[in-house]
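Working notes, structure below.
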Amino acid sequence: MITGETGAGKSIIIDALCLTLGERAAGDLVRSGETEAVVEAFFDVGPKQLPRSARRFLEDSGIDSSDGLILKRIISSQGRSRAYINGSMVTVQALSDVSSKIIDVHGQYEHQSLLSPDNQLDMLDAYGGLLSDRQEVAKLHENLLALKHQISGLIQKDKDRARRLDILKYQTSEIEAAGLRPGEEEELAEELRILSSAGRLAELANEAHESLYSSDTACITNLTKILNSLKEIRSIDTRADDAVKSVESALPL
683 MITGETGAGK
693 SIIIDALCLT
703 LGERAAGDLV
713 RSGETEAVVE
723 AFFDVGPKQL
733 PRSARRFLED
743 SGIDSSDGLI
753 LKRIISSQGR
763 SRAYINGSMV
773 TVQALSDVSS
783 KIIDVHGQYE
793 HQSLLSPDNQ
803 LDMLDAYGGL
813 LSDRQEVAKL
823 HENLLALKHQ
833 ISGLIQKDKD
843 RARRLDILKY
853 QTSEIEAAGL
863 RPGEEEELAE
873 ELRILSSAGR
883 LAELANEAHE
893 SLYSSDTACI
903 TNLTKILNSL
913 KEIRSIDTRA
923 DDAVKSVESA
933 LPL
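What follows is the structure in structure tokens.
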């Protein structure tokens with residue numbers, strides 16, 4: 683307990699103590715002309731006197747607390763600060779978490795841990811001897827959330843599978859409705875090749891017709907010319923093969 687008359691400096695001591703506990707620091711706390719302010723507080727507590735959460739943090743951070751705790755803040759004139767526990771640098775949040783387990787500042791305008799719902803729950807569970815049960819419930823709840831996540835994943839996979847099945851069914855029905863048959867692709871390719879040469883085919887057919895019905899030259903000569911035209915037509919459209927054979931049979935050996 684800190685008591686004293688008004689103006690005795692109680693607020694300065696409390697403010698300095700609060701800085702070591704992780705309170706927010708400002709650059710105007712640094713004395714004019716100085717570059718930084720250093721505040722330290724020593725707490726005569728051993729590892730066995732620390733709550734398990736604080737002890738676990740110190741152990742995980744490699745901080746030895748067997749000889750007590752020295753909490754330290756260094757505040758620059760720009761308002762930046764660094765925090766230390768027993769010489770090891772930690773975050774301001776970590777400093778605040780550890781210090782909140784070993785000291786509580788009570789004042790007219792200060793925050794009191796008794797008003798914190800989390801601390802109230804801790805005290806209630808500790809009084810009822812339910813800390814181990816609470817940990818077990820927390821573990822079960824964590825497992826429950828994991829199972830819910832897995833179930834949600836399986837449900838989503840099932841929806842994706844059903845959606846994919848619908849797509850495949852639709853594509854299958856479209857293929858069946860198209861009436862496709864084996865070899866149709868080759869037939870279409872052949873038809874496309876013939877149609878793409880339609881102009882040349884018409885020209886060759888016209889030449890053959892001209893040779894048969896409108897020419898005064900020798901018949902053998904005309905048949906030879908017709909045969910050449912038909913052979914070129916056959917190279918494009920194999921359906922002209924019969925016509926080629928007919929003309930060939932009409933020509934003398």
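Residue numbers (the numbering used here): 683 to 935.
All C-beta atoms, glycine included, are put in the ideal place defined by N, C-alpha and C.
Since we're looking at a predicted model, the values are computed, not measured.
Can you tell me which residues form a DSSP beta bridge with Met-771? Stepping through the sequence shown from its first residue, residue 771 is reached at position 89. BP columns for Met-771 point to Tyr-766.
Neighbourhood of Ser-931 by C-beta distance below 8 Å, restricted to the same chain and skipping five residues each side: Against the sequence shown, residue 931 aligns to sequence position 249. Cβ neighbours of Ser-931 beyond the five flanking positions: none.
6 Å Cβ shell around Gly-728 - same chain, five flanking residues per side excluded: Residue mapping note: residue 728 aligns to position 46 of the sequence shown, counting from 1. Here the set comprises nothing.
Take Leu-905 and list the residues in its own chain whose beta-carbon comes closer than 7 Å to its own, dropping the five residues that flank it on each side. The residue labelled residue 905 in the question sits at position 223 within the sequence shown. The answer, listed in chain order, is Val-929, Ala-932, Leu-933.
Could you check what DSSP says for Arg-755 in three-state terms: helix, strand or coil? Within the sequence shown, the letter at position 73 stands for residue 755. Note: Arg-755 maps to strand in three-state DSSP.
Looking at Arg-916: is its Cβ nearer than 7 Å to the Cβ of Asp-924? Working through the sequence shown from its first residue, we reach residue 916 at position 234. Working through the sequence shown from its first residue, we reach residue 924 at position 242. Cβ atoms of Arg-916 and Asp-924: not closer than 7 Å.
Assigned secondary structure, Glu-722 (DSSP; H/G/I helix, E/B strand, else coil): Indexing the sequence shown from 1 puts residue 722 at position 40. In this structure, Glu-722 counts as strand in the three-state DSSP scheme.
Among Val-926, Gly-811, Glu-687, Leu-777, which one has its Cα closest to the Cα of Asn-768? Within the sequence shown, residue 768 is the residue found at index 86, counting from 1. Taking only the C-alpha atoms, the option nearest Asn-768 is Leu-777.
Taking 7 Å as the cut-off, decide whether the C-beta atoms of Glu-914 and Leu-886 are in contact. Position 232 of the sequence shown, counted from the start, is the residue given in the question as residue 914. Position 204 of the sequence shown, counted from the start, is the residue given in the question as residue 886. A contact, by the Cβ cut-off of 7 Å.
Tell me whether Lys-913 sits in a helix, a strand or coil according to DSSP, three-state version. The sequence position of residue 913 within the sequence shown is 231, counting from 1. Three-state result, Lys-913: helix.
Three-state class that DSSP yields for Glu-705 in the structure shown: Position 23 of the sequence shown, counting from 1, holds the residue named residue 705. Coil, per DSSP.
Residue of Gly-750, His-831, Gly-704 minimising C-alpha distance to Ile-756: Looking up residue 756 in the sequence shown gives position 74. Checking every option, the nearest Cα to that of Ile-756 belongs to Gly-704.
One question on the structure: do Glu-718 and Ser-758 come within less than 7 Å of each other, judged by their Cβ atoms? What you label residue 718 is simply residue 36 of the sequence shown in a count that begins at 1. What you label residue 758 is simply residue 76 of the sequence shown in a count that begins at 1. Contact: yes.
Indicate, with yes or no, if the ligand ZN has a heavy atom lying under 6 Å from the CB of Leu-732. Looking for the ligand ZN in the displayed structure turns up nothing, as the structure carries no ligands at all.
Report the residue ranges of all alpha helix (DSSP H) runs contained in full by the region 825-908; include only those spanning at least 4 residues, in chain order. 866-878, 880-895
Please classify Ile-908 as buried or exposed, where buried requires at least 16 neighbouring CB atoms within 10 angstroms. The count along the sequence shown starts at 1 and reaches residue 908 at position 226. By the neighbour-count rule (16 or more Cβ atoms within 10 Å), Ile-908 is buried.
List in chain order: all unbroken alpha helix (DSSP H) runs of 4+ residues lying wholly within the region 724-749. 734-742
Cβ distance (whole Å) where Ile-752 is taken to contact Glu-722 below 8 Å: Within the sequence shown, the letter at position 70 stands for residue 752. Within the sequence shown, the letter at position 40 stands for residue 722. With a Cβ gap of about 6 Å, Ile-752 and Glu-722 count as contacting.
Is the beta carbon of Leu-740 closer than 7 Å to that of Ser-748? Within the sequence shown, the letter at position 66 stands for residue 748. Within the sequence shown, the letter at position 58 stands for residue 740. Not a contact, by the Cβ cut-off of 7 Å.
Within 7 Å, strictly: CB atoms of Ser-879 and Ile-918: Walking along the sequence shown from the start, residue 879 turns up at place 197. Walking along the sequence shown from the start, residue 918 turns up at place 236. Closer than 7 Å, so yes.
Lys-783 - DSSP class collapsed to helix/strand/coil: Indexing the sequence shown from 1 puts residue 783 at position 101. Coil.
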